[in-house]
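Notes for the one structure printed next.
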Amino acid sequence: MPVPSMTSPRRRTLLRVDIYERLREAIVDGTFGPGEKLKDTELENWLGVSRTPIREAIQRLERDGLVVTRPNKSTIVTEFDPAATKSTWQVVSALHELATRLALPHLGPDELDELERAHLAFAAALDANDADAALQADDDFHAVFVTASGNPVLADLLDQVTPVLRRVERMRFQSTVARESIAQHAGILDAARRGDPDEAARITRENWQSLERYEA
Numbered sequence: 042m043p044v045p046s047m048t049s050p051r052r053r054t055l056l057r058v059d060i061y062e063r064l065r066e067a068i069v070d071g072t073f074g075p076g077e078k079l080k081d082t083e084l085e086n087w088l089g090v091s092r093t094p095i096r097e098a099i100q101r102l103e104r105d106g107l108v109v110t111r112p113n114k115s116t117i118v119t120e121f122d123p124a125a126t127k128s129t130w131q132v133v134s135a136l137h138e139l140a141t142r143l144a145l146p147h148l149g150p151d152e153l154d155e156l157e158r159a160h161l162a163f164a165a166a167l168d169a170n171d172a173d174a175a176l177q178a179d180d181d182f183h184a185v186f187v188t189a190s191g192n193p194v195l196a197d198l199l200d201q202v203t204p205v206l207r208r209v210e211r212m213r214f215q216s217t218v219a220r221e222s223i224a225q226h227a228g229i230l231d232a233a234r235r236g237d238p239d240e241a242a243r244i245t246r247e248n249w250q251s252l253e254r255y256e257a
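Residue numbers (the numbering used here): 42 to 257.
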């Protein structure tokens, strides 16, 4: 029996992920502002793909709460929703607190080095007023704990709910108070080096709950 080629399905999967990420980032960085209508034909021209992967990406963005599809099939970028943001950061902060607590016993020299690199990259990005780089470095920092937690359900849940916070996270990293996160990351890293899960988890929770000030 001939072995089916895996190339095409994998390419389709990668295409869907890429289109989703590009559309999500365009919403997060304000390229597509709140209330803006997303037109399939214009998106096809911009992304250079057919309508099918675009519609699949939009369905995922709708689950994320970043767009809404009207009955007439028009797609609108959602307005900032303080209530949804509050509900989400409450869940996300609890999940990251749990990830940190679970990860601490499993952190070795390699993971601590990753945390240090991400921490330094985050501080450098804020010094350069580069919100996008800061967002990526922040992701890299917390991802060390999520991965080391060894809990795939936790990781899946974060993948589902974190996109709701992307716009407010970017707002934070564009503000001067974002530098508070540098000290918090340093505290988390110090607690991780000392093997103190309670302290690392406490600061992680505070770090994510600082998003509360951007609800309004």
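Ideal Cβ positions, reconstructed from N, Cα and C, are used throughout, including at glycine.
In terms of residue numbering, what span does the alpha helix (DSSP H) encompassing threonine 188 cover?
-> 172-190 is the span of the alpha helix (DSSP H), which, as asked, contains threonine 188.
Sort out for me which residues DSSP pairs isoleucine 117 with in a bridge.
-> Looking at the DSSP assignment, isoleucine 117 forms a beta bridge with Lys78, Val109.
So what's serine 134 in DSSP terms, helix, strand or just coil?
-> Three-state result, serine 134: helix.
Is the CB-CB distance between threonine 18 and alanine 242 below 8 Å?
-> The shown model of the chain, from 42 to 257, leaves out residue 18, and the question about it has no answer.
With 16 as the cutoff for other CB atoms within 10 Å, does serine 190 come out buried or exposed?
-> Under a 10 Å Cβ-count criterion, serine 190 is classified as buried, with 16 or more other Cβ atoms of the shown protein chains found around its own Cβ.
If you pair each beta-carbon of the stretch 215-229 with each one of the stretch 122-134, do three or more pairs fall below 8 Å?
-> The stretch 215-229 makes no contact with the stretch 122-134: fewer than 3 CB pairs, one atom from each, lie closer than 8 Å.
Are there 16 or more other CB atoms within 10 angstroms of the CB of aspartate 231, so buried, or fewer, so exposed?
-> Aspartate 231 should be labelled exposed.
Separation of arginine 213 from histidine 183, as counted between CA atoms | One C-alpha to the other measures close to 16 Å.
Closest to alanine 174 by CA distance: which of Asp197, Glu210, Gly74, Leu198 is it?
-> The shortest Cα separation from alanine 174 among Asp197, Glu210, Gly74, Leu198 belongs to Glu210.
How would you label glutamate 120, buried or exposed, when you count the other beta carbons within 10 angstroms and need 16 or more for buried?
-> It is exposed - the Cβ of glutamate 120 has fewer than 16 other Cβ atoms within 10 Å.
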